[in-house]
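J.:
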Amino acid sequence: MNLIVWVPLLLPLPAAPAARRLAEALPPRAAAWLLAASAGALAACSTAALALLAGAGALRLPPVAALGHLVLPVVGDQVTVPAACVAAGLLAVVVVALLRTLRRHVVEPARARRAAAATGTAAGDLTVLPDAVADAYALPGRPGRIVVTSGMLRALDPAEREALLAHERAHLAGRHHLFLTALAVACACHPALRVLSSPLSFALERWADESAAAAVGDRRVAARAIGRAALAATRPSAAALSATAGPVPRRVAALLTPPRVGVRAPRVISAVLVSCVALSAGCAVEAAHQLHGSIEVAQGESLRG
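Using the numbering used here, read the sequence shown as starting at 93 and increasing by one per residue.
#1: On a CA-only basis, which of 319, 306, 288 is nearest residue 134? Give me that one, please.
#2: So for residue 349, helix, strand or coil by DSSP?
#3: Locate the beta strand (DSSP E) running through residue 117, then write down its first and last residues.
#4: Tell me residue 237's beta-bridge partners as DSSP assigns them.
#5: Cβ of residue 256 less than 8 Å from any chain D Cβ?
#6: For the beta strand (DSSP E) that residue 287 lies in, which residues bound it at each end?
#7: Whose C-beta lies closer than 6 Å to the C-beta of residue 204 among residues of the same chain, with five residues either side of it excluded?
#8: Touching or not, the region 258–276 and the region 291–310, by the rule of three or more beta carbon pairs under 8 Å?
#9: To which residues of the same chain is residue 369 closer than 7 Å at the C-beta, ignoring the five residues directly before and after it?
#10: Is the region 219–229 touching the region 237–248, taking contact as three or more C-beta pairs under 8 Å?
#11: Buried or exposed for residue 124, going by 16 or more other Cβ atoms inside 10 Å?
#12: Using CA atoms only, rank isn't needed, just tell me which of 361, 385, 206, 382 is closest to residue 118.
#13: In terms of alpha-carbon separation, which member of 122, 109, 380, 279 lies closest to residue 190?
#14: Please classify residue 225: does DSSP put it in a helix, a strand, or coil?
#15: Whole angstroms is fine: what's the gap from residue 372's alpha carbon to residue 151's?
#16: Between residue 292 and residue 273, what straight-line distance do the alpha-carbon atoms span, to the nearest angstrom?
#17: Specify the secondary structure class of residue 325 as computed by DSSP and reduced to three states.
#18: Rounding to the nearest angstrom, what Cα-Cα distance links residue 344 and residue 267 in this structure?
#19: Counting only the same chain and skipping the five closest in sequence on each side, list residues whose C-beta sits under 7 Å from that of residue 223.
#20: Check residue 127 in the structure and name its three-state DSSP category.
#21: Could you compute how far the alpha carbon of residue 111 sits from the alpha carbon of residue 365?
#22: For the beta strand (DSSP E) that contains residue 215, what are its first and last residues?
#23: Residues in its own chain within less than 6 Å of residue 105 by CB, not counting five upstream and five downstream?
#24: How is residue 220 classed by DSSP in three states: helix, strand or coil?
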């Protein structure tokens, strides 16, 4: 295994800004898929590279070599023991971060659902909390719930309330929480991917905005509902999927203009991103193949053949 194993660890540095730029040129739904998928692929490749580095170093240890039935030293790689130790430490940090991320995205929504059920009044998929503070958000689960406070309902007229609820239902129908979880997991694997968090949140809110506008049949009503909901909210919503999340002025401005049709992604940025993802995956696979070959040689299989 040669220096090719380091490539997946470095490629997220140019790939993440390219994904961010490309997402700005795409419709919301396509942008959300692009950001989540590219981040997931890059994170998987970088984590695999860390595992390969740590594994190659571990094979130099006599107890591990004995477990692998290695009769010869592992040769043909340029991984030093210090580099392998650093990789193992980083891999441990990644595992801890992954566990914390999954806990936050699984346990906290369940806790919020129980709290809403205990204090709110349920009607269908809607739970109304007796709270003067204006707030509204979607809670994923089986089934998903829309939580809205009485203060938010009083701040909007009937048409605006319909648009607000349509926005939150779009979050649940599109399973937007899975996009956020996927990116959070990717960010736990590689810090360079954190720059995609805000763009993904914005893309998901815009996706829900467009769905709400289509549901009520009036883009201006949807824009007015989002603007008034944001003005009524006296504090930022603690929920990730909230109608008042993200840069509200940009979202309102987008709704007040016709939706973009037939948008073409910038070719240069697209080529850069695709090349980074493909090269990262290719290098990770090649590094794994090289390590496997080195292990076979160390086990004496090539000599027996």
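Backbone N, C-alpha and C define an ideal beta-carbon position, used for all residues, glycine too.
T.: So, from the data block:
#1: Along the sequence shown, read from residue 1 onward, the residue named residue 134 stands at position 42. Nearest of 319, 306, 288 to residue 134, Cα basis: 288.
#2: Position 257 of the sequence shown, counting from 1, holds the residue named residue 349. DSSP places residue 349 in coil when its eight states are reduced to three.
#3: Here the question's residue 117 lines up with position 25 in the sequence shown. From DSSP, residue 117 is part of no beta strand (DSSP E); its letter is neither H nor E.
#4: Taking the sequence shown and counting its residues from 1, one reaches residue 237 at position 145. Note: residue 237 sits in a beta bridge opposite 231.
#5: In the structure shown, chain D does not exist; there is a single protein chain.
#6: On the sequence shown, residue 287 is found 195 positions in, with the first residue counted as 1. Note, residue 287: premise wrong, no beta strand (DSSP E); not H, not E.
#7: As a first step, residue 204 is located in the sequence shown; it is residue number 112 there, counting from the start. If we look at residue 204 and ignore the five residues flanking it on each side, its Cβ neighbours are 231.
#8: yes
#9: Along the sequence shown, one-based indexing puts residue 369 at 277. Contacts found: 107, 130, 133, 134.
#10: yes
#11: Counted from its first residue, the sequence shown places residue 124 at position 32. That one is buried.
#12: Counting from one through the sequence shown, the residue named residue 118 turns up at place 26. Nearest C-alpha to residue 118: 361.
#13: Within the sequence shown, numbered from 1, the residue matching residue 190 stands at position 98. Residue 279 is the option with its Cα nearest to residue 190.
#14: By 1-based counting over the sequence shown, the position of residue 225 is 133. Correct three-state label for residue 225: coil.
#15: Within the sequence shown, the letter at position 280 stands for residue 372. Within the sequence shown, the letter at position 59 stands for residue 151. C-alpha separation (whole angstroms): 24 Å.
#16: Here residue 292 corresponds to residue number 200 of the sequence shown, with the count starting at 1. Here residue 273 corresponds to residue number 181 of the sequence shown, with the count starting at 1. So the two alpha carbons sit approximately 11 Å from each other.
#17: Stepping through the sequence shown from its first residue, residue 325 is reached at position 233. Here residue 325 sits in coil by DSSP.
#18: Start at 1 with the first residue of the sequence shown, and residue 344 comes out as number 252. Start at 1 with the first residue of the sequence shown, and residue 267 comes out as number 175. Rounded to the nearest angstrom, the two C-alpha atoms are 23 Å apart.
#19: Mapped onto the sequence shown, residue 223 falls at position 131. Excluding positions up to five away in sequence, the list reads 241, 242, 243.
#20: Taking the first residue of the sequence shown as 1, we reach residue 127 at position 35. Helix.
#21: For the purposes of this step, residue 111 is taken as residue 19 along the sequence shown, with counting starting at 1. For the purposes of this step, residue 365 is taken as residue 273 along the sequence shown, with counting starting at 1. One C-alpha to the other measures close to 6 Å.
#22: Taking the first residue of the sequence shown as position 1, residue 215 is located at position 123. 213–215 is the span of the beta strand (DSSP E), which, as asked, contains residue 215.
#23: The residue labelled residue 105 in the question sits at position 13 within the sequence shown. Result list for residue 105: 284, in chain order.
#24: Position 128 of the sequence shown, counted from the start, is the residue given in the question as residue 220. Strand, per DSSP.
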